[in-house]
Every structure is written in structure tokens, then in C-alpha cells.
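Contents: one structure, followed by commentary.
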Amino acid sequence: MAHIFSLATPTSPAYHKGSRSGDQVKFPESGFFQGFNKPSRLEADIFELETTGTIPRDINGTFFRIQPDHRFPPLFEEDIHFNGDGSVSAFRFENGHIDFRQRFVHTDRFKAETKARKSLLGRYRNPYTDNEMVKGIIRTASNTNIIFWRGVLLATKEDGPPFAMDPVTLETIGRYDFDGQVQSPTFTAHPKFDPDTGEMVCYGYEAGGNGYDASCDIVVYTIDKDGEKTEECWYKAPFCGMIHDCAITKNYLILPLTPIKVNAERLKKGGNHFAWDPDEDQWYGIVPRRNGKPEDIVWLRADNGFHGHVAGSYEDSSGNIVVDLTIASDNVFYFFPPDSQADTPMTLLQRNKLVSDTYRWVFDPKTPTNTRVQPHKLFGTNGEFSRIDDRVLTKKYNHFWQCNIDPSKPYDFQKCGPPAGGLFNVLGHYEWESGKKDTFWAGPTCTFQEPVFVPKASSSPADLVEGEGYIMALLNHLDILRNDILIFDAQNLSQGPLAVIHLPVKLRLGLHGNFVEQKDIDEWAEKRKEGGEVGPAVPAKEMLPWQKKMAEEEGLGSAVSVPGKGVGNGLNGTIGINGH
1 MAHIFSLATP TSPAYHKGSR SGDQVKFPES GFFQGFNKPS RLEADIFELE
51 TTGTIPRDIN GTFFRIQPDH RFPPLFEEDI HFNGDGSVSA FRFENGHIDF
101 RQRFVHTDRF KAETKARKSL LGRYRNPYTD NEMVKGIIRT ASNTNIIFWR
151 GVLLATKEDG PPFAMDPVTL ETIGRYDFDG QVQSPTFTAH PKFDPDTGEM
201 VCYGYEAGGN GYDASCDIVV YTIDKDGEKT EECWYKAPFC GMIHDCAITK
251 NYLILPLTPI KVNAERLKKG GNHFAWDPDE DQWYGIVPRR NGKPEDIVWL
301 RADNGFHGHV AGSYEDSSGN IVVDLTIASD NVFYFFPPDS QADTPMTLLQ
351 RNKLVSDTYR WVFDPKTPTN TRVQPHKLFG TNGEFSRIDD RVLTKKYNHF
401 WQCNIDPSKP YDFQKCGPPA GGLFNVLGHY EWESGKKDTF WAGPTCTFQE
451 PVFVPKASSS PADLVEGEGY IMALLNHLDI LRNDILIFDA QNLSQGPLAV
501 IHLPVKLRLG LHGNFVEQKD IDEWAEKRKE GGEVGPAVPA KEMLPWQKKM
551 AEEEGLGSAV SVPGKGVGNG LNGTIGINGH
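Taking UniProt numbering, the leading residue of the sequence shown gets 1, the next gets one more, and so forth.
Here you go:
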């Protein structure tokens, strides 16, 4: 008997010489689109997820996380995971029960591609490879972090502005510009929140033009707890590179500049946005949080390395700045190799030899710019995605948690193939003061996604005990293509999970997430309702400055949405259906 697939009429290949060759919905067969990396393309509601063990009843709130998830086959066969559409998960915990919701972020690109029923945007952060229909569109996929700010979720990616979503329904409200106060073309995926003042400290890099032009401009903002912009200052970087994460103390913002560089000519030729430079230093920009001036930035430099994510940061008793973050020994983004013929870890075996320790840096903010610095100490981990108890951000802290790689543990390559996203097979809890290491191994067929810390409900500012709470993390079953959520006592990972929540589906590899307590969601829902103290969140009412300039000088693509006008060509174009 013939196999059912043999009965289907053969079609021409979906890709020819690396580019899409038809409109058939068929994804590439490259590693970024197969196995556990296969797009999920899921929007769903599941009531009462199956659970093993007991969910602590004092967990009352929602674990939000976000993943890149290509909705359509990409224009280019060798597209990367980071170019997928933003898709948000919400795991609602209440009284020992958990419900699940998944929705895409309805960005401008999402709406345009939905109407066209195909991908229109090309390579990661390269508008020169796009379909002409989307010329001048805000390209961001909003797929990197999901944060709660004054009653809305902000889906963020550092190549564009955030998009606001309803924290209960996950409906997209629209592009968010903080009521017209933030006009930068780019916005970090890692804003920091001062737990004492309620301020958001945020920034954008490659911010001087349209976000894709190799600008060395950095803009830093502070938004106060009432939503008012209180600080804006523009600085210059020594080169246009990636500043993915940042650190804050009471008085300073620290910007790690990674030696993976942008080149405008490379972009115009259809190449990669970034290229690793193995001969360039890693840099740290230090700026004051208040009353900063462009000349105030101090750049310190150290030997070549690839920055990961920040754990904690604070000022010590001497006024020095302490910053802890992971740094890899070589190029983590192997898909962005050097422009030169320098070696880069392209093979799986080479990539598995990378080491990503947790570095502690101690900076004197009075050090002259361009000074070379050395790390104060290394913890002795090999991991990424560090998290702390955010209630002690800007203060001296002790505990951090992260995903770790332990190559000494068995891994079932035959069942799982290459470990999607990296062999993060261990979840670790670490203490700076004692050097204690407390870990949990996922098993030979599983890996972890980024953990989040959930404080115990009884913890208040008055009786706060750092690290008293729970750790949640998604577990990837690489062999059976499914996910669980594991909940641990944050102080005792090695005893195993308190509860395992079973998803009947596979989610794609996520990047970042956060837990939001229900009391905060409820309080802001009251303020955000019609007639409430603050009122509903309002999407951006105007185009960004670079879009206005393009509209006046060149015109916009026919699929570009103009705030208040819908879809049209230029400011006075014909209005069409505004997306999905």
C-alpha cells in the first residue's frame, strides 16, 4: 500500500538557490526549522493544565514568556530563529490551578504579512532584503521579552519600538510610544525597573536613524512610576555593535557593548546585520542615571568576549560599581560569522567547546575613558539566562539562578538530535557569599529555557528575605517534542520540582519572560478601565520621525500602516484593510 504522502501531487521545491520560489506554505529543512525548532504557529486557550505534584497555593499571578515563531515560511531558506514573529504565552496560576493562553503579537509586519498570506520581510534586521510592499514599515517582530508596565504588557525587541498588549486577553493594543514621549527607532528588550523608585530605565542603540543604518547613537531614557519621561540623553558608541542587556545601580547605567558589528555597506549588499569581530575588545559604557550629558559617558574595555545576560548590579561601600554577567569565550551567534576569514565556531562540536562563565566586574566610575579593565572574579559556571530576585535590583545581592551546560551528563543524541538552542541541561542556584552551587539535571532528553523567580506571597518590602520564593522554568522534551513547566523551591533545586505542569503541545524556544502578581494586574485593570484613574492604554498616534521623512521623500510601501489612516502608500495613500 502506498504511503499517504506518495499520493499527493509533487510540487516544485519551496526554495531555489536559497530564496522562496513559490507561495506554497512549506518551511525550510534547515536546522532552525526542524525537530524541536519546527515552528509551533500556535494560538490557543487551554483550561486546567494537567499537573504532577502540588502547585504552591500562594502562587497567584501569571507567568508571561515570549518566543520567536515564524508564522509563514521565510523569504530566505537560511533564516534564523531570532527573525520569527513574537508569540506570547500566559500561564495563569490561581489556588493551585493553572490555565494557558497563547497569542501572536500583532505588529505592523504581522498585519502586513497576514493580509498577503506570506512573508514580506527578508533577512534579520536588513530592510534592503524586503518586499517593496513593506518599504518603510516598522520591521520589529517584538519577540524577545515581555514585560509588565503600568497595566499593559510590552512585547519588546531591540530593533524597534515595543508593542502593547492586554495582560488578560493578550490582544494587541498597538505600537507603544509612552504617550508620544519616546521617538527612538529602537528600544531595548531589557529595560530595568528600580524597585525603590518605580522608575523604568531604558535605552536604544543604533538609534540615530531608522535602526538599520549602523548608527553609533545610543539614547537613554528614564520613565517615572507615573509614566512621565524624566530623562533623555544621547551618547556615542565607539562602534555600532550589539548592546543587548544593561545593568543599573542607584546612580549609574552600565551598557555592555559586544564586539559583533554592524556595517551599512554589508546591509546594502543583502548581507547579515551583524558580523563577529574576534579582534575587537568588549566594552562597557557607564553613564549617570540622572542629569546625564553626552560627554559624561565613560567607555572601559576588556579582552574579546561575547556578553550574555546580567545577573545583579550595585554600588559597593567604596562607591565602585559591581556588575555580574555571563561572558562567552567566543562567538555565540555562529550564524553571524566575521567578515574576514577568521575562524568562528560553526560546527556543533566547536560550539559545544564554548565556555560562558559568570564574571564579576568592579568598575570605578571615575576611571578615565578608554581604560583597560580586568574581571574581579569568575564564579565558575558555564551557563546563561541569569535571574535574580528583582526586589533587590540595585542592591548588594547574594543569589542568582541560571541555565547551565554540563557536558559530563549523558545526552541521548540518537533520540534528540542536536540540542535545540544549546545544551542547557542543568538549572543552577548560586550564592556569591558562600560559593554554594545547587543544581538540578534535566535528564538525557531534556533542556531548560530561561527561569523566572517568583517571590512568596507573604514577602513584603518590610519582611523581604532575598531569594525566598520559587523558580519556574520551561522544560523542553527534545525527544517527544513537548514542554512542561517545572516549579522549584528557589532555595533547594536539587530536591527536584514541587510540581510539574504538562503542556499537551510543543512551544518554540523562548527568549525571556517574567512573573506578574495578580494583585498588580487587578490594581492596574481598575486604573486602566474607561473612566479609571489612568484610562486605557493608547497606541502611538503618529509615525516615527524616520518614517515621516521617508514618506515625504520617497513614499512608503503599499502594505505600510499609517497611524490613524490604515494601510496606504505614503501619507496620503489609499487606505486598505488594517491587518488581521
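Note that the Cβ used here is the ideal one computed from N, Cα and C, for glycine as well. What you are looking at is a predicted structure, and each value in this text was computed from that prediction instead of being measured.
| said: Which residue wins for smallest C-alpha separation from Ser340, given the options Asn398, Trp276 and Trp299? | reply: Trp276
| query | Out of curiosity, what's the CA-to-CA distance linking Val88 and Leu170? | reply | 8 Å
| task | Thinking Glu468 and Asn398 are a contact (beta carbons under 8 Å), I'd like their distance in whole angstroms, please. | result | Not really, about 12 Å apart at Cβ, beyond 8 Å.
| message | Taking the alpha carbon of Asn83 as the reference point, which residue from Asn143, Leu427, Arg65 and Asn131 has its own alpha carbon closest? | response | Asn143
| request: Per DSSP, which residues does Ile321 bridge with? Please list them. | output: Glu315 and Phe363
| request: Answer with buried or exposed for Ser386, where buried requires no fewer than 16 other C-beta atoms within 10 angstroms of its C-beta. | output: buried
| field | At least three beta-carbon pairs within less than 8 Å, the segment 510-522 to the segment 108-122 | value | No: fewer than three Cβ pairs fall under 8 Å.
| Nearest-angstrom Cα separation, counted from Leu354 out to Gln24 | In a straight line, the C-alpha of Gln24 is about 39 Å away from that of Leu354.
| message | Measuring straight from C-alpha to C-alpha, what distance separates Thr326 and Tyr203? | response | 21 Å
| Buried or exposed (CB count within 10 angstroms, at least 16 for buried), Lys157 | buried
| Contact between the segment 473-480 and the segment 446-459 (3+ Cβ pairs under 8 Å) | yes
| field | Beta-carbon proximity of Asp85 to Phe104, cut-off 8 Å | value | yes
| field | CB of Thr172 within 8 Å of CB of His97, strictly | value | no
| said: Quick check: Val500 and Thr52, are their CB atoms within less than 8 Å of each other? | reply: Yes, the Cβ-Cβ distance between Val500 and Thr52 is below 8 Å.
| What is the rounded straight-line gap between the Cα of Gly319 and the Cα of Asp364? | Distance between the alpha carbons of Gly319 and Asp364 is about 7 Å.
| field | Pro13 to Glu78 span [Cα, whole Å] | value | Each residue's alpha carbon lies about 15 Å from the other.
| message | Tell me the DSSP secondary structure of Thr574 in three-state form. | response | For Thr574, the pLDDT reaches just 27, beneath the cut-off of 50, and the residue's location in the model is therefore unreliable, leaving the point undetermined.
| Pair within 8 Å by beta-carbon distance, Trp524 and Arg150 | yes
| message | Let me make sure I understand the geometry here. Which of Pro162, Val562 and Asp213 has the alpha-carbon closest to that of Val182? | response | Pro162
| field | Cutoff 7 Å; reference Lys395; Cβ partners in own chain excluding five residues on either side | value | Tyr314
| request: Would you kindly work out how many angstroms separate the C-alpha atoms of Glu48 and Gly18, rounded to a whole number? | output: Their Cα atoms are separated by approximately 43 Å.
| field | Rounded separation between Pro418 and Lys250 - CA only | value | 43 Å
| field | Distance CB(Leu423)-CB(Pro407) smaller than 8 Å | value | Contact flag set, yes.
| request: May I have the straight-line CA-CA distance separating His309 from Asp245, to the nearest angstrom? | output: 6 Å
| query | With distances taken between CB atoms, is the gap from Ile440 to Val454 smaller than 8 Å? | reply | The sequence given here places Phe at residue 440; Ile does not occur at that position. Cβ distance not < 8 Å, so Phe440 and Val454 don't count as in contact.
| Exposed or buried, Lys261, counting other C-beta atoms within 10 Å across all chains shown (16 or more means buried)? | buried
| request: Have a look at Ala207 and Glu553 and give me their C-alpha separation to the nearest angstrom. | output: 20 Å
| task | State the DSSP-derived secondary structure class of Gly428, mapped to helix, strand or coil. | result | strand
| Can you pull the DSSP bridge partners for Leu378? | Tyr359
| request: Tell me whether the beta-carbon of residue 581 lies closer than 8 Å to the beta-carbon of Phe306. | output: It is not possible to answer for residue 581, since the shown part of the chain is limited to 1 through 580.
| message | Measuring only the C-alpha atoms, how far is Gly570 from Gly227? | response | Residue confidence is low: Gly570 scores 38 on pLDDT, short of 50, so the model does not pin down where it sits. No coordinate-derived value is stated.
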